[in-house]
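Down below is the structure, laid out as structure tokens.
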Amino acid sequence: MSSPEWKPIAKPSYAPVVVYPTFLQTLLSNLFKDLRLEWRSKDAINAMLFFALLVAVIFSFAFAPTPEEARQMVGGLVWVAVLFASIVALNQSWARELRNQALDAYRISRASPNALFLGKAIGNFIFVSALELVIAPLFIVFFNLRALGSTTALILVFVAGTWAIVINGTFFGAMSLRTRSRELMLPLLLFPISIPALVLMVNVTTAVLTGEGATRRPLDLLIVYDIVFTTVCLLLFETVLHAE
Amino acid sequence: MNKKLVFFALVTLGLLLYALIQSLYDAPHEETMGDIQRIFYYHVPSAFVAFAFFFANLLASLVYLKNRSPAADSFALATAEVGVVFCTIVLITGPLWAKPVWGIWWTWDARLTSTLLLWLIYVSYLILRRFSSGGQTPVLAAVLSVFGSVDVVFVYMSIRWFRTQHPQPVIGGGEGSGLNPAMGYALLANVVAFFAFSALLVWLRYRLERSRQQLDELHALAAERGSINAS
Amino acid sequence: MPRNLLLAYAVTWIIHGLYVVLLTRRAARLRREYEELKKPGSGR
């Protein structure tokens, strides 16, 4: 006797069809989550703003620059203020993931680690850029500034420079998560690594504000710095996320 | 193992004494600077060691990231610690030499700034190792080592560019100044002696770290056994 | 001998000496911990 033939059963119509989000969708969803959370509380942005302002005021009193000195100094001053203020945002950015074990859930999920990383980095970039847009007029007023050099160079240096701080800052923020003195560890790791970028950014900014000095070469170097470190961060983030 | 160690330690001691005699007596007297120039025989070899060990730390970190071997991690830690010791010596002997000869303690040129930054990166690496909790320390440290190495390249390039815009007084005779061959021999003696000494230190530190790793395992086993007995 | 030369050499050896002392103390501490563990008592 022959065995009965097994016919394939049609898939029931109620079986769910699972579609996993793409990299871009995950990235954007992370980004908008951060933006939304920050917009609702406005914690970081207020703290950052006030901090940057304080730095500017303290430096003015400490150095009491004449208008010519101010023009030489402001390049450095604005980036110091932005760097210190960014630490506030960067520290908070990862702390938020620890609540309710959101980060652990992310680690177990199929979502790409780099989507989380880039989403956070872009979010931080937007926050710091917003900070810069607000304090720039303040600095212009305080120090009677005018861009004597190329405005394109100024815009480029702010984009490239902010990215340099933010990409490494976001990475070291993740690294600092499971260390003691987490808030101290981030600047401790970030500052030495950022020094070359800082030298370049400050120089281009000063060159534009004083109208003297080259901007092409340092901008090129800064962009190379951005590309190299973004690549290194993307290559190593998964390792850091899954550490332990 | 211990006999080899003692033998190597004795050889190193001999090399160091020989090198010391070379640098203080046999090496020729420098005309312009005088005897203060002899700091060079300690300053330069220490710099070589510091940079070489930084590179060794990078290699060990890459190996660790590849295969997670505890031996690679121990080696990375050992080279970082010994490297920072030598780098500190470079940063102290340098200004001690520069002040009487060139009139300034320090200048922000490419070489000195890179060395200072090397020291900062070494120290931040060691602080990270001390402050991070538990199992993921080696991974995080290895990642930081990669970042630090990439950064040193950029520091050198960016400061060199910066110095073309803002020239500074040059300490140490600039890049590629000539060397008297008799001085070269004393320098070589010290380089060999200090590399032997630093290798000895790394060996000791490496063994210490491996012992600590094994001790941690024993602790974990004892705790496990203890909790099994208690239940 | 110039003062800074003496200072430089002395500082070098002091720093190396301190590091070696640090290592020896660490080694002694590890050895003590190991002896503690070997004694049949220390699981909780």
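Chains as they are written, first to last, in the working numbering: chain A, 1 to 244; chain B, 1001 to 1231; chain C, 2001 to 2044.
Built from N, CA and C at the ideal position, the CB exists for glycine as well.
Going by C-alpha positions, residue 1030(B) is about 29 Å away from residue 1163(B). If you draw a straight line from the Cα of residue 1020(B) to the Cα of residue 1190(B), it comes to about 7 Å. Ranked by Cα distance from residue 213(A), the options 240(A), 116(A), 149(A) are led by 149(A). Taking residue 147(A) as the centre and dropping the five residues before and after it, the same chain places the C-beta of 154, 208, 209 closer than 8 Å to its C-beta, in chain order. Ranking 181(A), 160(A), 200(A), 80(A) by CA distance to the CA of residue 1160(B) puts 200(A) first. Against residue 1157(B), the close residues of chain A are 196, 221, in the order they occur along the chain (beta-carbon pairs closer than 8 Å).
The Cβ of residue 22(A) sits no closer than 8 Å to any Cβ of chain B. In terms of Cβ geometry, residue 1124(B) and residue 1152(B) do not form a close pair [threshold 8 Å]. Put simply, the segment 1068-1085 of chain B touches the segment 1198-1210 of chain B. At least three CB pairs are less than 8 Å apart. Close CB contacts of residue 1011(B) within its chain, under the 8 Å cut and outside five residues either way in sequence, are with 1196 (chain order).
Excluding five sequence positions before and after residue 92(A), the CB atoms of its chain that fall closer than 8 Å to its own CB belong to 43, 44, given in chain order.
Put simply, the CB of residue 1105(B) is far from chain C, with every gap to its CB atoms at 8 Å or more. Contact annotation: the segment 71-84 of chain A does not touch the segment 33-41 of chain A, with fewer than three C-beta pairs closer than 8 Å. Here DSSP, grouped into helix, strand and coil, assigns residue 1113(B) to helix. Residue burial is scored here from C-beta neighbours: residue 1103(B) has fewer than 16 other C-beta atoms within 10 angstroms and is therefore classed as exposed. For the set 1100(B), 1158(B), 1072(B), 1210(B), the Cα lying nearest the Cα of residue 222(A) is the one of 1158(B). Selection 18(A), 240(A), 31(A) evaluated against residue 1142(B) yields 240(A) as nearest (Cα-Cα).
Residue-level contact check: residue 1115(B) does not touch chain C, since none of the beta carbons of chain C fall below 8 Å from its beta carbon. Here residue 86(A) carries a helix assignment [DSSP, helix/strand/coil]. Residue state for residue 1132(B) is assigned as strand, using DSSP reduced to three classes.
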